[in-house]
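In this note's numbering, the protein residues as written are 105 to 262.
Worksheet: the structure to be examined is printed underneath.
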């Protein structure tokens, strides 16, 4: 089994956008519609007020690089808001999501954020289990889907 590595990436990289398309398709299967209508721009994840990371095997940005997962954070007041967390189905159960989440938390902490916050939905039990296992706690709903049925918001102090 190839070693899983994590690197920062640009949200608008073509390979990243293919991964995001796959993530949105999965959300659409679970929730209907587009899957997530939250406005997101590539600039949201640009340092110093954000970052985007990918997990991969192979050599970074090389012809043999295979993306396994991703996530980004963007500034939300003094917090880092986690967005677009996704692991490809064939890589699930290999620790990809935990590695990506750790990288996001380290990046946010390094840039002065004290907390990571996120919105997820009740049709993503795997994500909810990961967040709880990693020390995230329920908070008042916020963001684009605040007040919608099935929305769950979480936070973790860094």
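Even for Gly, the Cβ is constructed at its ideal location relative to N, Cα and C.
Expected contact under 8 Å - CB spacing of residue i and residue j to nearest Å
i, j, result
"residue 185", "residue 208", "Contact doesn't hold; Cβ gap of about 10 Å is too wide."
"residue 205", "residue 225", "Their Cβ separation, rounded to whole angstroms, is 17 Å, which puts residue 205 and residue 225 out of contact at 8 Å."
"residue 217", "residue 182", "7 Å"
"residue 240", "residue 212", "No, residue 240 and residue 212 are not in contact; Cβ-Cβ is about 13 Å, not under 8 Å."
"residue 200", "residue 176", "So it is not a contact: roughly 15 Å between Cβ atoms."
"residue 113", "residue 170", "Not a contact, Cβ separation roughly 13 Å."
"residue 161", "residue 232", "That belief does not hold up - the Cβ atoms of residue 161 and residue 232 are roughly 27 Å apart, past 8 Å."
"residue 179", "residue 154", "6 Å"
"residue 261", "residue 215", "Contact flag wrong, Cβ pair sits at about 15 Å."
"residue 227", "residue 254", "7 Å"
"residue 115", "residue 146", "4 Å"
"residue 235", "residue 142", "No, residue 235 and residue 142 are not in contact; Cβ-Cβ is about 17 Å, not under 8 Å."
Residue(s) in a DSSP beta bridge with residue i
i, result
"residue 191", "173"
"residue 160", "109, 171"
"residue 258", "222, 242"
"residue 253", "Beta-bridge pairing links residue 253 to no other residue."
"residue 154", "178"
"residue 184", "179, 220"
Limits of the alpha helix (DSSP H) - the one that residue i falls within
i, result
"residue 236", "229-237"
Extent of the continuous beta strand (DSSP E) to which residue i belongs
i, result
"residue 202", "No beta strand (DSSP E) contains residue 202, which is instead part of the alpha helix (DSSP H) from 200-214."
Tell me the start and end of each unbroken beta strand (DSSP E) in the region 122-150 that is at least 3 residues and wholly inside, in chain order. none
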